[in-house]
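Below is one structure; the comments refer to it alone.
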Amino acid sequence: MTFRFWLCASAVFLSAPTHAAVTITSDDVVVHMDAMPSTELTSEAAKRYNVTPAGNRGVLTVKALKQGKDVPMQVFVGAINSKNNLINVPMRETNGKDGSSYLGEFYVLPADNLNFIVNVNVLGKPLKAKFNRSFNP
């Protein structure tokens with residue numbers, strides 16, 4: 002029994018990601034979003050998106066697809082930190098002018114947990130997602 006316990010515990014520990022991207026769907030529209038420390042960006046991605054990686058900054062990405070193709074959207078994002086402060090996350094387009102992909106930057110306290118509220122309007126469909134992320138130094 003002990004062997005089974007450790008085998009199962011090891012499988013859970015090794016397969017558990019630190020965080021996963023969030024996906025919301027409505028009919029055939031899929032919106033993907035993810036928040037991470039800016040230091041996790043590759044140097045190429047940081048340069049492409051004009052982000053200066055820093056330990057006290059995070060990034061949030063939001064992308065909308067309909068049947069695998071980019072679709073325009075409007076995105077409004079806020080977050081609440083562990084001190085119960087509301088943080089506005091300004092979003093900007095990242096891939097030209099089609100409005101299908103956005104990136105936002107925000108400040109984060111060391112060892113903080115942010116509760117994100119993402120409001121998206123895609124093709125006249127309002128969608129909302131709430132999720133949290135831990136940011137540890």
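Its first residue numbered 2, the sequence shown is counted upward by one per residue in our numbering.
No residue lacks a Cβ here, since even glycine has one placed at the ideal position from N, Cα and C.
CA-CA distance, residue i and residue j?
i      : j      : result
Ile81  : Phe117 : 7 angstroms
Pro73  : Leu66  : 9 angstroms
Gly69  : Ser27  : 14 angstroms
Ser16  : Ser135 : Caution is warranted here: a pLDDT of 36 is assigned to Ser16, below 50, making its placement in the model unreliable, and the coordinate value is therefore given only provisionally. If I take the Cα positions, the gap works out to 18 angstroms.
Ala130 : Ile25  : 7 angstroms
Leu61  : Gly125 : 22 angstroms
Val23  : Thr43  : 21 angstroms
Asp99  : Val52  : 21 angstroms
Val121 : Asn57  : 26 angstroms
Val90  : Met34  : 13 angstroms
Glu45  : Asn137 : 23 angstroms
Lys48  : Phe132 : 27 angstroms
Drop a sphere of 10 angstroms on the beta-carbon of residue i, count the other beta-carbons inside from all chains shown, and report buried for 16 or more, exposed for fewer.
i     : result
Val13 : Caution is warranted here: a pLDDT of 34 is assigned to Val13, below 50, making its placement in the model unreliable, and the coordinate value is therefore given only provisionally. Exposed is the call here.
Ser39 : buried
Cys9  : Reliability of the predicted coordinates at Cys9 is poor, the pLDDT of 35 falling under 50, and the value obtained from them is presented with this limitation in mind. Cys9 comes out exposed.
Out of the options, which has the shortest C-alpha to C-alpha gap to residue i?
i      : options                     : result
Val119 : Asp113, Ala112, Pro127      : Pro127
Asn86  : Tyr108, Thr43, Val60        : Tyr108
Pro111 : Lys131, Ser44, Gly69, Gly59 : Gly59
Gly79  : Gly56, Ala36, Asp29         : Ala36
Leu104 : Thr24, Val23, Val76         : Val76
Asp113 : Asp99, Lys129, Ile88        : Ile88
Could you pull out every residue in the same chain whose Cβ sits closer than 7 angstroms to the Cβ of residue i, ignoring the five residues on either side in sequence?
i      : result
Ser101 : Lys64, Ala65, Asp71, Val72, Pro73, Met74
Val123 : Val30, Val32, Ala65, Val72, Met74
Thr95  : Tyr50, Ser102, Tyr103, Leu104
Is the closest heavy atom of the ligand FMN to the C-beta of residue i under 7 angstroms?
i     : result
Leu87 : This structure simply doesn't include the ligand FMN, nor any ligand for that matter.
Return the chain-ordered list of same chain residues with a C-beta closer than 6 angstroms to the C-beta of residue i, the five sequence neighbours on each side being excluded.
i      : result
Leu115 : Ala80, Asn82, Arg134
Excluding sequence positions up to five away, which residues of its chain have a Cβ less than 8 angstroms from the Cβ of residue i?
i     : result
Arg93 : Tyr103, Leu104, Gly105
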